[in-house]
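Here this note's numbering = 1-based position in the sequence shown + 2.
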Amino acid sequence: MGETATDYNAMILAAVRRMPSGGGYDARKPGAMALRGSITLTDGTALPQLELRPETAQPSFCSGATYHVFLDVVQQCIAAGRLTLTREQLNALPVRAQPDGTGVWGRWNANGPGTARLFHELRLGRNFSAWKEARPGDFMKIWWTREIGGKESGHSVVYLGTRVVRPEGGGEPVRMVRFWSSNLKMGYGEKEVEFYKVQRVLFSRLENVEALQSVLDLPKTDKYLAGLLTTRTTEAEVYRLTGVKDPPSVAPKMPAHLDAAPDVRNAQKVEKPAAPGGKEKSRKPSLPEQAR
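In structure tokens form, the structure reads like this:
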């Protein structure tokens, strides 16, 4: 019989459960510096491995939180003997001074489809935008506005699912999207928002962690992602450069299958995205080089 395919989504959800809670949110220099010190390589071992200390990456920010989860899965595969990386290959993974679009972290942290572009370049897995295909444990980029690029407002998260709640005292059911990340104010943790506030999503499903063995073949810089620090791009270009098949032609709508068997509960107080100017960003603001 053939080898059973690895359920990376389950591994991602397990990694989320191992992450600390809270710790505060800061996408400025304190969060960037804390992240840099939390990802290193082991010394003096025959087989090099990642040493991850997410508890020291506090305060945190969204792309740093999801990157820690991704690297946790990578390290679990190394420890289980499913993946072997040389020290040089592993050395491409820690967060250093990579600007947007440069290296692995610089791609993950970039504006626009950073994570999805990395998945497509390395063939780590597939990207898609159809809600009906989403599974808990998929990485997800949320856009709160229609802008993509330098003026966007977005969020890098791990998708947890959807549910429908009924407001206390009656009223129309409210459709919610649930996710885990580092979120405004609280830091690491779960959050949910009304579905209609999500203007666009892009899912990335990890399917082939062994593709990291080709990490040194990546061009040093993805010029498209690097340019999104200050410029804008189109939805069509995003889908083309991330390999999305049959992309939607309109803004996302709540998929019909969620109405078929909703999880109807009494609605609690719902956290909403902050007002414009205070939303989570898909990457940290431009920082001094030593803070990146």
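Just so you know, even glycine gets a beta-carbon here, dropped at the ideal spot from N, CA and C.
Remember, predicted model here, so these are calculated numbers, not experimental data.
query = Does the region 73-83 touch the region 113-132, meaning 3 or more C-beta pairs lie closer than 8 Å?
reply = no
query = Contact between the region 212-231 and the region 17-32: three or more CB pairs below 8 Å?
reply = no
request  = List the DSSP bridge partners of residue 30.
outcome  = Residue 30 pairs with nothing; no bridge assigned.
key: Alpha-carbon to alpha-carbon, residue 120 and residue 229   = 15 Å
ask   = Near residue 56, what residues of its chain come up, given a Cβ to Cβ distance below 7 Å and the 5 sequence neighbours on each side ignored?
value = 21, 22, 40 and 70
message = Can you tell me whether residue 58 is helix, strand or coil according to DSSP?
response = helix
message = Going by DSSP in three states, residue 35 sits in which element: helix, strand or coil?
response = helix
Proximity of residue 206 and residue 103 at Cβ, strictly below 8 Å = no
query = Cα separation between residue 135 and residue 201?
reply = 18 Å
inquiry  = Rounded to the nearest angstrom, what separates residue 235 and residue 152 at their Cα positions?
reply    = 9 Å
ask   = Just the Cα atoms here: how many angstroms apart are residue 266 and residue 174?
value = The predicted model places residue 266 with a pLDDT of 34, which falls under 50 and marks its position as unreliable; any figure quoted below should be read in that light. The alpha-carbon atoms of residue 266 and residue 174 are separated by roughly 12 Å.
Cβ neighbour criterion (16 or more within 10 Å) applied to residue 242 = exposed
ask   = Fully enclosed by the region 185-266, which beta strand (DSSP E) runs are 3 residues long or longer?
value = 189-196 and 202-208
Alpha carbon of residue 86 to alpha carbon of residue 198, nearest angstrom = 43 Å
task = Determine the direct distance from the alpha carbon of residue 105 to that of residue 268, and round the result to whole angstroms.
result = In this predicted model, residue 268 has a pLDDT of only 35, less than 50, meaning its place in the structure is not dependable enough to derive any value.
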